[in-house]
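Asker: Numbering (our numbering), first residue to last: 6 to 491.
Glycine included, each C-beta is placed from N, C-alpha and C at the ideal position.
Remember, predicted model here, so these are calculated numbers, not experimental data.
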Ligand SMILES: C[S@@+](CC[C@H](N)C(=O)[O-])C[C@H]1O[C@@H](n2cnc3c(N)ncnc32)[C@H](O)[C@@H]1O
């Protein structure tokens, strides 16, 4: 409310300074509204209680229904999802179409603001948009459809990557300091686009104008002070945007490399997931079996009758994504105390009760409860050198392969998928794609034998051989292009 009132005041004063006088019913056309809501039907509620808000709401509705915008700019909130309604959720589906991701943060408020910019410009048929916004979408693999949608929806796209990501400890390429333009940790960029639906569609490949800006805050502010896209020293470079990833950051790629043509890791292993997020490691994880047994026995056996005592003794409280009530009605079972790869070479114990854990990733971790082996890899990494690949015999924790990026697990065998009893004895089935096996077997002149057997048999290729061959020689993390310092 305060920024709204101040905007009216400042615009009023500025216009008065220029000699402009408002007509009797005229007002500055600054409106108080949630930009991510469609026109509303709640004026009647306001009318009874807050007549001033009802009048504002009525005017906003008229704007939302009948006005078209050709210029959209701003600094949208950097926030997890706050607004949810059928209109914006429907529009956001365009960023999710076909990506087939288990996990993404595509519902954040800033992506919704990106989406409504396109919506407004398409409605007006011509327009220009510019945001200073979280730069994560330029490189995140899960945001590829957002990028593609944006490039396809606009004629010209400009990206001024202002970097300054303190979460990644970002520095300039020469190792000197790189500061954020705001007092925040998340890196940012200026993202601008224009569209003219009446112009002939371009026959050229997808391109964007891009430049990186590194350095101190003062250097960045100085350049931002004079930079415009038409300036002779603007420094934007034209870059081609390649499908399927449509990355919008600068990557130095060896065009002759055979790497992008090899199988992606998720085309080799048919099952994968990020590691377990307990939401309460102090409770569910321990260095020793006995400590964990004693703790979980006490908590699970007593929480139903003595909740207050157990809460106090084990410092249990509800948090985002986890509630103490998840522990209720459960019974201690020593079989659920299992080995757990917490960090490389750091094997601990976890109490694997999927309904009690924050995110048990049970569709993948269930296959690690029996004899198995799995590849551990991160999809993104923060800093070179790249060393984010590992192997595990046990379920893994979410950050096993990297201190700050989620880690994925690719089991070699699957056990009884879909069975109710997690700890049942089912036959192991290799989890390697047939297409990959046939290419590999043909290349090596071997015959594939899908046995769960580590013995090396001459002329045969077992799942274990495929695993060691894949992990030793052919690791391609999604594509070379996705090896994104994110
Ligand atoms: C990052 S701040 C930018 C503030 C100001 N524009 C600036 O650049 O300093 C984001 C602003 O968006 C406003 N905001 C957040 N969600 C909004 C929504 N759904 N509709 C309209 N404004 C919203 C917040 O109140 C906040 O003022």
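With a threshold of 8 Å, are at least 3 pairs of Cβ atoms found where one atom belongs to the region 134–147 and the other to the region 172–183?
Answerer: No: the two stretches stay apart, fewer than three of their Cβ pairs being nearer than 8 Å.
Asker: Taking just the CA atoms, how far does residue 264 sit from residue 484?
Answerer: Unreliable positioning characterises residue 484 in this predicted model, as indicated by a pLDDT of 34, which lies under 50. A coordinate reading is not provided.
Asker: Tell me, please, whether the region 315–323 touches the region 376–389 by the rule of three or more beta-carbon pairs shorter than 8 Å.
Answerer: Contact fails: fewer than three Cβ-Cβ distances are below 8 Å.
Asker: For ligand 1, any of its heavy atoms closer than 7 Å to the Cβ of residue 192?
Answerer: Answer for residue 192: no, Cβ out of range of ligand 1.
Asker: At a threshold of 7 Å, does residue 88 count as lining ligand 3 (C-beta to nearest heavy atom)?
Answerer: Ligands displayed in this structure: ligand 1; ligand 3 is not among them.
Asker: Is residue 85 near residue 113, with beta carbons less than 8 Å apart?
Answerer: Yes, the pair counts as a contact, with Cβ atoms nearer than the cut-off.
Asker: At the level of alpha carbons, what is the spacing between residue 192 and residue 169?
Answerer: Approximately 5 Å between the Cα atoms of the pair.
Asker: Quick check: the region 432–443 against the region 299–317, are there 3 or more CB pairs under 8 Å?
Answerer: Contact between the region 432–443 and the region 299–317 is absent, because fewer than three Cβ pairs lie under 8 Å.
Asker: Less than 8 Å between C-beta atoms, sequence neighbours within five positions excluded: which residues of the same chain meet that for residue 184?
Answerer: So the list reads 169, 220, 221, 222 and 225, once near-sequence residues are dropped.
Asker: Rounded to whole angstroms, what is the Cα-Cα separation between residue 129 and residue 75?
Answerer: Each residue's alpha carbon lies about 6 Å from the other.
Asker: Buried or exposed for residue 25, going by 16 or more other Cβ atoms inside 10 Å?
Answerer: Exposed, because fewer than 16 other Cβ atoms sit within 10 Å of the Cβ of residue 25.
Asker: Buried or exposed for residue 336, please, with buried defined as at least 16 other CB atoms from any protein chain shown within 10 angstroms of its CB.
Answerer: Exposed.
Asker: Identify every run of the alpha helix (DSSP H) within the region 268–349, keeping only runs that are complete inside it and at least 4 residues long; order them along the chain.
Answerer: The qualifying runs are 270–273, 286–289, 294–307 and 312–318.
Asker: So is residue 163 buried or exposed if we call it buried at 16+ other beta carbons inside 10 Å?
Answerer: With 16 or more Cβ atoms within 10 Å of its Cβ, residue 163 is classed as buried.
Asker: Can the beta-carbon of residue 437 be found closer than 8 Å to that of residue 275?
Answerer: Cβ atoms of residue 437 and residue 275: closer than 8 Å.
Asker: Run through the region 350–423 for me and flag every whole beta strand (DSSP E) of 3 or more residues, listed as ranges in chain order.
Answerer: Listed in chain order, they are 351–356, 379–383, 394–397, 412–416 and 418–420.
Asker: Can you tell me which residues fall inside 5 Å of ligand 1, judged by beta-carbon distance to its nearest heavy atom, and keep chain order?
Answerer: Any residue whose Cβ sits closer than 5 Å to a heavy atom of ligand 1 makes the list: 39, 40, 41, 80 and 82.
Asker: Is residue 450 helix, strand or coil when you go by DSSP?
Answerer: Three-state DSSP puts residue 450 in coil, outside helix and strand.
Asker: With C-beta atoms as the reference, is residue 388 less than 8 Å away from residue 413?
Answerer: No, these two residues do not count as a Cβ contact at 8 Å.
Asker: Is residue 468 helix, strand or coil when you go by DSSP?
Answerer: The answer is helix: DSSP assigns residue 468 an H, G or I state.
Asker: Alpha carbons only, please: which of 6, 34 and 7 is nearest the one belonging to residue 17?
Answerer: Of 6, 34 and 7, the residue nearest in Cα terms is 34.
Asker: Which same chain residues end up closer than 6 Å to residue 121 when comparing Cβ atoms and leaving out the 5 residues on each side of it in sequence?
Answerer: For residue 121, where only same-chain residues beyond five positions count, there are no Cβ hits under 6 Å.
Asker: In whole angstroms, what separates the C-alpha of residue 292 from that of residue 282?
Answerer: Rounded to whole angstroms, residue 292 to residue 282 spans 17 Å at the Cα level.
Asker: Quick check: what's the CA-CA separation for residue 36 versus residue 124?
Answerer: Approximately 19 Å between the Cα atoms of the pair.
Asker: Leaving out five residues on either side along the sequence, give the residues of the same chain with a beta carbon under 6 Å from the beta carbon of residue 198.
Answerer: Around residue 198: 134, 159 and 162.
Asker: Whole angstroms are fine: how far does the CA of residue 441 sit from the CA of residue 447?
Answerer: Distance between the alpha carbons of residue 447 and residue 441: 10 Å.
Asker: Between 212, 237 and 252, which has its C-alpha nearest residue 245's C-alpha?
Answerer: Among 212, 237 and 252, the Cα nearest to that of residue 245 is on 212.
Asker: Are residue 399 and residue 449 close, meaning C-beta to C-beta below 8 Å?
Answerer: In this structure, residue 449 does not lie closer than 8 Å to residue 399 by Cβ.
Asker: Tell me, please, which residues DSSP counts as bridged to residue 44.
Answerer: Note: residue 44 sits in no beta bridge, so no partner.
Asker: Of all Cβ atoms in chain C, is any one closer than 8 Å to the Cβ of residue 341?
Answerer: The chain inventory of the structure shown lacks chain C, comprising one protein chain alone.
Asker: Return helix, strand or coil for residue 167, following the three-state DSSP convention.
Answerer: Residue 167 falls in the strand class under three-state DSSP.
Asker: Using the DSSP secondary-structure output, state which residues sit across from residue 122 in a beta bridge.
Answerer: DSSP output for residue 122 lists no bridge partner at all.
Asker: On the DSSP bridge list, what partners appear for residue 79?
Answerer: Beta-bridge pairing links residue 79 to 136.
Asker: From which residue to which residue does the beta strand (DSSP E) around residue 244 run?
Answerer: It spans 242–245 - the beta strand (DSSP E) in which residue 244 sits, taken as one unbroken run.
Asker: Where does residue 217 fall in DSSP's three states?
Answerer: Strand.
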